[in-house]
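Residue numbers (the working numbering), protein chains in the order written: chain X, 8 to 328; chain Z, 620 to 919.
Backbone N, C-alpha and C fix where the C-beta goes; we use that ideal spot for every residue, glycine too.
From a predicted model like this one, the values you see are computed outputs, not experimental measurements.
Worksheet: the structure to be examined is printed underneath.
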């Protein structure tokens with residue numbers, strides 16, 4: 008798949024898929040001089056050290072801590088606790104199952120609403136249509152914003168009496184006015200609408216880049232064979248887009264598991280907005296830290312994330328091997 | 620959904636010979652575009668109206684004057700200059716370090732074959748995809764137990780310092796940047812460095828004189844993307860920095876919310892100010908930003 012044509016990048020970035028020449032190898036390492044090997048060692052060693060110390064060791068420590076009891080104060084107070092943190096989370100910790108349910112709803116909403124909107128926008132804007140660049144810029148603007156800014160902007164839309172939405176509905180200032188971010192019956196959906204505002208544009212850009220990389224002769228051939236619009240998309244375009252489709256599926260799942268900022272901004276992830284990621288943090292920083300429980304929740308999040316991560320890595324690197 | 624049916628035939632006219640009227644598509648796209656713009660315009664409009672005006676006429680009105688008073692008030696009362704300064708102190712070193720380290724790693728794994736290069740590349744890529752909350756507790760405890768002289772850190776540990784945030788931002792972004800740069804460098808012709816090697820160029824010269832200059836487009840794309848991402852990052856400063864006056868803007872802006880409780884005009888002004896740098900980057904470097912995003916996804 009190639010990069011958007013209007014980007015300044017030369018096609019080198021897109022070459023791996025098209026070029027049949029084996030990847031550049033300027034030599035086996037053992038042919039190098041001692042000094043060169045030292046330089047190469049440092050070039051690999053330094054980034055790897057940082058990655059290991061600040062990403063992989065902490066991940067393993069999370070797993071380790073999840074089997075302990077600790078208040079986070081003194082390292083000497085760490086006690087083994089077996090699986091008790093996990094049984095506590097699943098059986099006694101009240102927000103656990105709501106958080107799991109909210110994460111599932113979050114994923115379902117992204118997968119069934121936000122991502123399809125992005126795909127639809129991409130397919131529509133891929134045509135020779137007037138103002139396509141302007142439309143693209145508009146839909147893309149929220150992608151530049153942080154989820155915190157998205158939350159603040161939508162707070163202004165959702166505010167009970169001052170917000171745009173209730174004023175449009177005519178309920179502002181009346182007892183019937185809904186507090187969209189405050190009411191636990193609706194706030195998850197309100198947060199998801201705000202998230203969609205950003206997510207759809209992200210998906211649109213990724214898909215559009217893929218669509219532009221499709222060989223035009225494919226479509227010409229299909230058109231000559233009399234394919235209609237639906238056939239064109241589902242029989243020709245969609246199958247060719249398989250690599251991008253996988254990226255989009257993985258991004259959608261990962262984004263659903265990573266959701267944190269907007270609910271933490273709204274109410275620290277309570278009262279209808281519990282998510283696994285937030286529960287991890289609530290157990291780590293709140294009063295009476297329970298590192299073990301927080302780590303157990305982190306490990307649950309990790310195990311779920313490993314599914315899409317491993318799937319993506321296998322798909323991506325299998326060919327490179 | 621009807622829009623798809625109305626307009627999709629255009630996809631099937633690659634020659635573009637027959638002029639098509641996309642009324643259905645335009646109706647749909649205009650509706651969506653309005654829905655996309657309204658929250659931004661509402662924020663801007665609210666920020667321009669003095670509190671007295673909205674108190675009198677309500678937020679849903681066109682009456683009353685507009686001015687920039689909320690902006691100056693939010694800027695000074697909110698201490699936003701400090702937040703912006705902090706953002707700069709975190710973002711610049713993080714982006715530079717990330718690109719330097721990632722380009723070296725990418726060079727080593729893409730231009731040389733050795734035993735573990737693919738394994739390492741896979742691990743780097745995986746690390747970037749983890750939810751950050753998974754690492755939060757151990758990192759917090761590691762930093763809390765790393766003593767620093769009080770001359771460098773007022774907490775006596777790595778907590779509440781920019782070093783902690785920068786280190787973790789770099790570690791977390793390294794995976795993505797290495798992945799993108801490795802793909803880019805792999806696609807550069809192998810003869811380039813082979814010829815240089817025959818001429819006696821050292822590994823460092825191959826990296827700094829040949830591969831790095833040729834990777835400039837990818838570095839520009841990643842640099843833009845990373846600046847925006849780090850500017851937008853909320854979580855790591857939230858976890859590590861506890862002194863309010865050391866927070867970067869995206870984490871600090873949430874303090875303004877508490878400070879300007881229910882003064883929506885001020886919150887809107889603070890939000891608008893915060894969005895401005897991103898919009899400047901957007902207008903000036905949109906191509907790089909989009910290129911960076913799609914570079915990461917377009918590899919198969």
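Exercise. Determine, using beta carbons only, whether residue 843 of chain Z comes closer than 7 Å to chain X.
Key: no
Quiz item: So what's residue 589 of chain Z in DSSP terms, helix, strand or just coil?
Solution: In the structure as shown, chain Z begins at 620 and stops at 919. Residue 589 of chain Z is therefore absent and cannot be evaluated.
Quiz item: Under 7 Å between the Cβ atoms of residue 673 of chain Z and residue 890 of chain Z?
Solution: no
Quiz item: On the three-state DSSP scale, how would you describe residue 836 of chain Z?
Solution: helix
Practice problem: Please report how far the alpha carbon of residue 319 of chain X lies from the alpha carbon of residue 313 of chain X, in whole angstroms. | Solution: Their Cα atoms are separated by approximately 10 Å.
Quiz item: With 7 Å set as the bound, which would you pick, yes or no: does the beta-carbon of residue 641 of chain Z sit closer than that to a beta-carbon of chain X?
Solution: yes
Quiz item: Buried or exposed: where does residue 226 of chain X fall if 16 or more other Cβ atoms within 10 Å of its Cβ makes it buried?
Solution: buried
Quiz item: Hey, does residue 167 of chain X have any beta-carbon neighbour from chain Z nearer than 7 Å?
Solution: Judged by the 7 Å Cβ criterion, residue 167 of chain X is not in contact with chain Z.
Quiz item: By Cβ distance below 8 Å, which residues in the same chain neighbour residue 197 of chain X in space, the five residues on each side in sequence not counted?
Solution: 161, 165, 187, 188
Quiz prompt | Completely contained alpha helix (DSSP H) runs for the region 67-120 of chain X, where each covers 4 or more residues | solution = Annotation: the region 67-120 of chain X contains the following complete segments of the alpha helix (DSSP H) (minimum length 4 residues), in chain order: 91-98, 103-116.
Exercise. From the DSSP output, in three-state form, read off residue 766 of chain Z for me.
Key: strand
Quiz item: Near residue 882 of chain Z, what residues of its chain come up, given a Cβ to Cβ distance below 8 Å and the 5 sequence neighbours on each side ignored?
Solution: 670
Exercise. Name, in chain order, the residues that DSSP records as bridge partners for residue 776 of chain Z.
Key: Note: residue 776 of chain Z is bridge-paired with Z:766 in the DSSP secondary-structure output.
Practice problem: Using a threshold of 7 Å, state whether the C-beta atoms of residue 784 of chain Z and residue 855 of chain Z are closer than that. | Solution: yes
Exercise. Write down the C-beta distance between residue 72 of chain X and residue 756 of chain Z rounded to the nearest angstrom, noting that I regard them as a contact closer than 8 Å.
Key: 6 Å
Practice problem: Could you check the C-alpha separation between residue 84 of chain X and residue 67 of chain X for me, to the nearest Å? | Solution: 19 Å
Quiz prompt | For residue 302 of chain X, the nearest candidate out of X:119, X:91, X:263, X:38 (CA to CA) | solution = Here the closest residue by C-alpha is X:91.
Practice problem: Mind the definition here: the region 764-779 of chain Z touches the region 820-834 of chain Z only if three or more C-beta pairs lie below 8 Å; say whether that holds. | Solution: Fewer than three Cβ pairs drawn from the region 764-779 of chain Z and the region 820-834 of chain Z lie within less than 8 Å of each other, which leaves the two stretches out of contact.
Quiz prompt | Proximity of residue 909 of chain Z and residue 46 of chain X at Cβ, strictly below 7 Å | solution = no
Quiz item: Quick one: any contact between the region 793-810 of chain Z and the region 737-757 of chain Z, if contact means 3 or more CB pairs under 8 Å?
Solution: yes
Practice problem: Sort Z:694, Z:779, Z:897 by Cα distance to residue 863 of chain Z and report the nearest one. | Solution: Residue Z:779 holds the alpha-carbon nearest to the alpha-carbon of residue 863 of chain Z among Z:694, Z:779, Z:897.
Quiz item: Within 10 angstroms of its Cβ, does residue 685 of chain Z collect 16 or more other Cβ (buried), or is it exposed?
Solution: exposed
Quiz item: Considering residue 642 of chain Z, what are the terminal residues of the alpha helix (DSSP H) in which it resides?
Solution: 642-667
Practice problem: Apply the 10 Å Cβ neighbour rule to residue 182 of chain X and answer buried if 16 or more other Cβ atoms are within range, or exposed otherwise. | Solution: When all chains shown are included, residue 182 of chain X counts as exposed.
Quiz item: Since residue 893 of chain Z and residue 872 of chain Z are thought to touch, with beta carbons under 8 Å apart, how far apart are those beta carbons, to the nearest angstrom?
Solution: Contact between residue 893 of chain Z and residue 872 of chain Z is confirmed by a C-beta separation of about 5 Å, below the 8 Å threshold.
Quiz item: Cα separation between residue 82 of chain X and residue 169 of chain X?
Solution: 49 Å
Quiz item: Under 8 Å Cβ-Cβ, which residues of chain X neighbour residue 765 of chain Z?
Solution: Residues of chain X with a Cβ closer than 8 Å to the Cβ of residue 765 of chain Z do not exist; the shortest Cβ-Cβ separation is about 11 Å.
Quiz item: Between the beta-carbon of residue 693 of chain Z and the beta-carbon of residue 888 of chain Z, is there less than 7 Å?
Solution: At the C-beta level, residue 693 of chain Z and residue 888 of chain Z come within 7 Å of one another.
Quiz prompt | Best match in X:271, X:216, X:243, X:298 for proximity to residue 159 of chain X [C-alpha to C-alpha] | solution = X:271
Practice problem: Taking C-beta pairs closer than 8 Å, name the residues in chain X that residue 877 of chain Z reaches, listed in chain order. | Solution: The contacting residues do not exist; residue 877 of chain Z stays about 11 Å from chain X at best.
Self-check item: CB of residue 833 of chain Z within 7 Å of CB of residue 807 of chain Z, strictly
Solution: In this structure, residue 807 of chain Z lies closer than 7 Å to residue 833 of chain Z by Cβ.
Quiz item: In angstroms, rounded to a whole number, what distance separates the CA positions of residue 877 of chain Z and residue 768 of chain Z?
Solution: 33 Å
Exercise. Under the assumption that residue 298 of chain X contacts residue 79 of chain X (Cβ atoms under 8 Å), give the Cβ distance between them as a whole number of angstroms.
Key: With 8 Å as the limit, residue 298 of chain X and residue 79 of chain X qualify as a contact, their Cβ atoms being about 5 Å apart.
Quiz item: By Cβ distance, which residues of its chain are closer than 6 Å to residue 199 of chain X, with the 5 residues on each side in sequence left out?
Solution: Sequence-distant Cβ neighbours of residue 199 of chain X in its own chain, meaning closer than 6 Å and more than five residues away, are 116.
Quiz item: Measuring CB to CB, does residue 825 of chain Z end up less than 7 Å from residue 815 of chain Z?
Solution: For residue 825 of chain Z and residue 815 of chain Z, yes; Cβs fall inside 7 Å.
Practice problem: Count the other C-beta atoms from every protein chain shown that fall within 10 angstroms of the C-beta of residue 135 of chain X, then say buried if there are 16 or more, exposed otherwise. | Solution: By the 10 Å Cβ count, residue 135 of chain X comes out exposed.
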